[in-house]
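Below: the structure, in structure tokens.
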Amino acid sequence: MAARIIDGKAAALALRERIAERVSELKNTKGITPGLAVVLVGEDPASQIYVRNKGIACQKAGMHSETIILPAETTQDELEERIRELNEDPEIHGVLIQLPLPRHLNEEKALAVISPEKDVDGFHPVNAGRLLAGQNTVSPCTPKGVMHLLDIAGVELEGKEAVVIGRSNIVGKPMALMLLQRNCTVTICHSRTADLRSHTRRADILISAIGKPGFVTADMVKTGAAVIDVGINRVDGKVCGDVDYAAVQEIAGWLTPVPGGVGPMTIAMLLMNTLEAAERSLNE
Ligand code: GUN
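Letter 54 of the sequence shown, counting from 1, is numbered 90 in our numbering, and no numbers are missing.
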């Protein structure tokens, strides 16, 4: 059986078109333009590319975009002061701190300074807590993108076994909570999990967010499973995911490619979260 390939690039494009329409409607009917501020500290080359792409995506959707680039030696106080200014800025509805921050800065403290209403990453403890409690809240962009891909592919979730490999605050943990919210039976596996294969082989939905090329092999996958590859790895200059794509394609029922799978959905969901933050600001 050859897996159905879930085209994240096409899905993201379609979503971004719908977002652009809603942005235009918001401008015409309410006179507000959704605005996103992205804060980058230092000169990490990968982060520079991500930040630039976020700015371009905003502009294409008709949104207002600000990129704040701070020197690598910025202090915690200086960073937090800049965030407070953005919290007060009426043209800005979403604030994102590009991670990772330089090592001398406290990521957790910085994220907690963002106003929960402007936290378009869903990383603020208030929003993370709301997600845990099953309340309506802003969800982290990458797992939100994964849920969208599962839905448009028609993967049934109710009562199914979902296994998430990876327990990061950005992907693994919120991913598990969002699958739980949709009535999956969820297992979170990680680097210390004993006999990982015994868990993954039970999965109807297998999500890999571990960051190791070729980590998920065909013998770890249940026949017909939906396999979602969140990994972004570079091997010999080429981007690849965590999944042994060629072999798993023969076993899985659905599979996301890398590139062109989950990656494009992350930016689309960031735009969606910014749009929704702008819409919510009207009701405050
Ligand atoms: N760095 C890698 N992924 C992310 C993300 O989703 N949000 C932020 N803010 N930084 C990241």
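We put the beta carbon where it would ideally sit given N, CA and C, even for glycine.
Alpha-carbon spacing of residue i relative to residue j, whole angstroms
i	j	result
G297	I268	10 Å
L323	L51	An answer regarding residue 323 cannot be provided, because it is not within the stretch 37 to 320 covered by the chain.
P107	K180	31 Å
I188	D157	22 Å
F251	I201	10 Å
S60	R120	28 Å
L132	D155	7 Å
K209	F159	11 Å
N89	V75	13 Å
L291	S83	27 Å
A230	C276	26 Å
E124	I150	10 Å
I206	P300	16 Å
T221	I287	22 Å
D113	T259	52 Å
L141	A39	44 Å
D280	E143	33 Å
M211	T310	20 Å
L168	V174	12 Å
L306	R166	18 Å
T178	G44	12 Å
L152	T103	The residue you asked about is not Leu; residue 152 is Pro in the sequence shown. Roughly 20 Å between the two C-alpha positions.
E320	L62	16 Å
Buried versus exposed call for residue i [16 or more other C-beta atoms within 10 Å across all chains shown]
i	result
V191	buried
K145	exposed
S101	buried
K274	exposed
L289	Correcting the residue identity first, residue 289 is Gly in this sequence and not Leu. With 16 or more other Cβ atoms within 10 Å, it is buried.
I246	buried
S227	exposed
V87	buried
A46	exposed
D272	exposed
M37	exposed
G67	exposed
M161	The sequence given here has Pro at residue 161, not Met. Looking at its Cβ environment, which holds fewer than 16 other Cβ atoms inside 10 Å, P161 is exposed.
I42	buried
P126	exposed
R270	exposed
R118	buried
N219	exposed
L318	exposed
Q95	exposed
Cβ distance (whole Å) where residue i is taken to contact residue j below 8 Å
i	j	result
M99	T69	7 Å
A56	A97	5 Å
R238	V199	7 Å
I243	V182	6 Å
D255	D265	In fact, because the Cβ distance is near 17 Å, the residues do not count as touching under 8 Å.
T253	A283	7 Å
A73	L122	5 Å
Nearest candidate by alpha-carbon position, reference residue i, set the options
i	options	result
R316	R228, T253, H129	H129
T111	R139, R237, A82, V131	R139
N172	L115, V59, L307, L213	L213
V263	L62, A47, T236, E143	T236
V257	G299, R270, P210, D240	D240
G314	A48, A47, G71	In the sequence under discussion, the amino acid at residue 314 is Ala, which differs from the Gly named in the question. Checked all of A48, A47, G71; the closest Cα to A314 is G71.
E80	R58, Q134, Q95	Sequence inspection shows Asp at residue 80; the Glu mentioned does not correspond to that position. Selected option, being the one with the closest Cα: Q134.
P249	P295, V77, M211	P295
I105	N319, P161, V77, D43	V77
Q217	G170, G195, T178	G170
A304	E197, P176, I41	P176
H184	L215, G195, L141	L215
L137	A39, L306, L115	L115
D196	E320, L186, S204	Sequence inspection shows Lys at residue 196; the Asp mentioned does not correspond to that position. Cα-wise, what sits closest to K196 is L186.
L49	L318, G165, M308	M308
Closer than 6 Å: residue i CB and nearest ligand 2 heavy atom
i	result
D280	Ligand 2 is not part of the structure shown, which contains ligand 1 as its ligands.
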